[in-house]
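Peer 1:
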Amino acid sequence: AAEQSSANLMWHVIFEGDDEYETSTPLAHVLKASNDCILATKMNGKPLTPDHGYPVRAILPGVAGARNVKWLKSIRLSREPSDSPWNQNYYRKADGSHIQKLRMQSIILSPEEGETITCNRHDDKIHIKGVAYGVDSSVCKVEVSIDGGFNWMEATLLTDEILKDDSVGSYHGWVRFVADVDAGTIKDKAIVEICALARATDSNGNVQPQVSTKQRGYLYNGWSIVQFKRVKN
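Going by the numbering used here, the sequence shown runs without a break in its numbering and finishes at 459.
#1: Excluding sequence positions up to five away, which residues of its chain have a Cβ less than 6 Å from the Cβ of CYS460?
#2: Using DSSP's beta-bridge definition, name the partner residues of ILE240.
#3: For ARG347 versus LYS415, is the C-beta distance shorter than 8 Å?
#4: Using a Cβ-Cβ cut-off of 6 Å (strictly less than) and excluding sequence neighbours within five positions of ARG329, which residues of its own chain qualify?
#5: Quick check: what's the CA-CA separation for GLY399 versus LYS367?
#6: What does the alpha-carbon distance come out to for the pair ALA426 and TRP449?
#7: Using DSSP with H/G/I as helix, E/B as strand and the rest coil, what is ARG456?
#8: Rounded to whole angstroms, what's the CA-CA distance from LEU384 to ARG305? Just pull it up for me.
#9: Specify whether the segment 433-444 and the segment 314-323 touch according to this definition: at least 3 beta carbon pairs, one from each stretch, less than 8 Å apart.
#10: Return the CA-CA distance between LEU303 and ALA358, expressed in angstroms with no decimal places.
#11: Helix, strand or coil for ILE412, going by three-state DSSP, please let me know.
#12: Should HIS324 be labelled buried (16 or more other beta-carbon atoms within 10 Å of its own) or exposed?
#13: With a threshold of 16 other CB atoms inside 10 Å of the CB of GLY428, please say whether the residue is buried or exposed.
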């Protein structure tokens, strides 16, 4: 088994779409059962729509979307990664290696950047909603702050709404979070500018960094930052 695994590391699966877009992912990743890699022909029980890759699309959970080729035309094995321009010139890390795995992420979806929120004078909470994503392990905690990160409040993860699926590995999807943060010293102000932050922690103890490392513009996963205005009636 160890010898077979070592041999698999030398091979790559090349996916080509009908639009001639081509990329590759290591065979060892595709064959690992817990990665739940599939060829999809349906979504939510219905045939894929053209914009989602009809008639068949490669689905590689936890792998960058650029590797999940749409309108799949061919699959082949190679000793070398794809030599297509998209694989050779783009989607590479700062060290030049090919981007495959995504990074842990959390994103504030509400309020939106630049939004003005109107609330009644009795509302002393800042209501924040968003989503978080884990890669090698699931997100176990999301924290939010409205004072530049001096104080953090743990948000509620809406794990009960996650549908049970037939994945072999860990849950590969996003989880929603909500938080009602006490407005504190700003609660009585008629108009106030707020900068909300969010950061995630996974079950392995990894914490989303304040600032992401530079990777040629890819894979940014620093704290989510949203600036908005709160106005009281």
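Every residue gets a Cβ at the ideal spot worked out from N, C-alpha and C, and that includes glycine.
Being a predicted model, the structure only gives us computed values, none of them experimental.
Peer 2: Looking at the atomic coordinates:
#1: With the chain covering 227 to 459 only, the question about residue 460 has no answer from this structure.
#2: SER250, ARG302
#3: no
#4: LEU445, ASN447
#5: Between GLY399 and LYS367, the C-alpha separation is close to 15 Å.
#6: The C-alpha of ALA426 lies about 8 Å from the C-alpha of TRP449.
#7: strand
#8: Going from the Cα of LEU384 to the Cα of ARG305 covers about 43 Å.
#9: yes
#10: 34 Å
#11: helix
#12: buried
#13: Sequence check: residue 428 is Asp here, not Gly. With 16 or more other Cβ atoms within 10 Å, it is buried.
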